[in-house]
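For what it's worth, the working numbering labels the leading residue of the sequence shown as 32, then goes sequentially.
Here's the structure, in structure tokens; my notes come after.
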Amino acid sequence: RKRPPVLLLENVKNLKSHDKGQTWNTIRGTLEELGYSVFNRIIDAADYVPQHRERIFIIGFATEVFGEEPDFLFPAVPDGPRPRLREILEKNVDPKYTLSDKLWNYLQDYAEKHRKRGNGFGCSVAKLGGTTRTLSARYHKDGSEILIPQRGRNPRRLTPREAGRLMGFPEQLVSRDAQVVSDTQAYRQFGNAVVPIVISAIAEQIVRTMRQVV
Numbered sequence: 032r033k034r035p036p037v038l039l040l041e042n043v044k045n046l047k048s049h050d051k052g053q054t055w056n057t058i059r060g061t062l063e064e065l066g067y068s069v070f071n072r073i074i075d076a077a078d079y080v081p082q083h084r085e086r087i088f089i090i091g092f093a094t095e096v097f098g099e100e101p102d103f104l105f106p107a108v109p110d111g112p113r114p115r116l117r118e119i120l121e122k123n124v125d126p127k128y129t130l131s132d133k134l135w136n137y138l139q140d141y142a143e144k145h146r147k148r149g150n151g152f153g154c155s156v157a158k159l160g161g162t163t164r165t166l167s168a169r170y171h172k173d174g175s176e177i178l179i180p181q182r183g184r185n186p187r188r189l190t191p192r193e194a195g196r197l198m199g200f201p202e203q204l205v206s207r208d209a210q211v212v213s214d215t216q217a218y219r220q221f222g223n224a225v226v227p228i229v230i231s232a233i234a235e236q237i238v239r240t241m242r243q244v245v
């Protein structure tokens, strides 16, 4: 009904393999039937933030506006080394984010049981000079997918501010003064979010294509 000239869609990378590819074929086929030229790419946010976060981005250009073969290219990978986890960490962190002995022992035992069964579950203590696993909306439960090592102490969770930085949100939106919800809700919101820097890079390329028909 609305017929927007440009579409920008995002989903998990497994969308293309779901149901042996049938889900993706249906989505792409429907968009093409509706008169859109479709572009898609899986982009790992690790080139922009210190987090592996692979998502599929789908761009649709209405052929009635842009023609059958619009000139669109996804953004190039940024120059320079990838961001490192230590660059987004706070210096003075409240001890409440450190895992208790009970929880830390539980996570290690649980991970070991799954390893013996050949399953993929594991608590992950991140490397400060590297990239973390994907931040999920369930992070508030135990923080197991991204734990920060601490010398002489159990590892800790990310603070909400660090979670926001890990997602690439600007500092004015992740400061303590800007947090107006509980830590639990903040983790859920960040875990469900897109990485703004990636969206911005894609949007710049969309605008470049749009300007060619103005």
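Here a beta-carbon is modelled for each residue, glycine too, at the ideal position from N, C-alpha and C.
Bear in mind that the values here come from a model prediction, so they are computed numbers and not experimental data.
{"Asked": "For E85: DSSP bridge partner residues", "Found": "D75"}
{"Asked": "Straight-line Cα distance separating E95 from R187", "Found": "53 angstroms"}
{"Asked": "Backbone secondary structure at I177 - three-state DSSP", "Found": "coil"}
{"Asked": "Touching by the beta-carbon criterion (3+ pairs, under 8 angstroms), the segment 215–224 and the segment 183–199", "Found": "yes"}
{"Asked": "Sufficient close CB pairs (3 or more, under 8 angstroms) joining the segment 177–185 to the segment 228–237", "Found": "no"}
{"Asked": "Proximity winner among I74, G174 and T57, relative to L134 (alpha-carbon distances)", "Found": "G174"}
{"Asked": "Limits of the unbroken alpha helix (DSSP H) element including L166", "Found": "Here L166 belongs to no alpha helix (DSSP H), and DSSP marks it neither H nor E."}
{"Asked": "Chain-order list of residues whose beta-carbon lies under 8 angstroms from that of L204 (same chain, five-residue window excluded)", "Found": "G195"}
{"Asked": "Helix, strand or coil at G98 according to DSSP, with G and I counted as helix", "Found": "coil"}
{"Asked": "Candidates D110, L166, T240 and I179: closest to V225 by CA position", "Found": "L166"}
{"Asked": "Whole-angstrom distance between D75 and S131, CA atom to CA atom", "Found": "33 angstroms"}
{"Asked": "Those residues which DSSP pairs with E41 across a bridge", "Found": "F88"}
{"Asked": "Residues bridged to T129 [DSSP beta-bridge criterion]", "Found": "R187"}
{"Asked": "Assigned secondary structure, F103 (DSSP; H/G/I helix, E/B strand, else coil)", "Found": "coil"}
{"Asked": "Distance between A77 and M198 (C-alpha atoms, nearest Å)", "Found": "10 angstroms"}
{"Asked": "Own chain, CB closer than 6 angstroms to L40, minus 5 neighbours either side, in chain order", "Found": "I89"}
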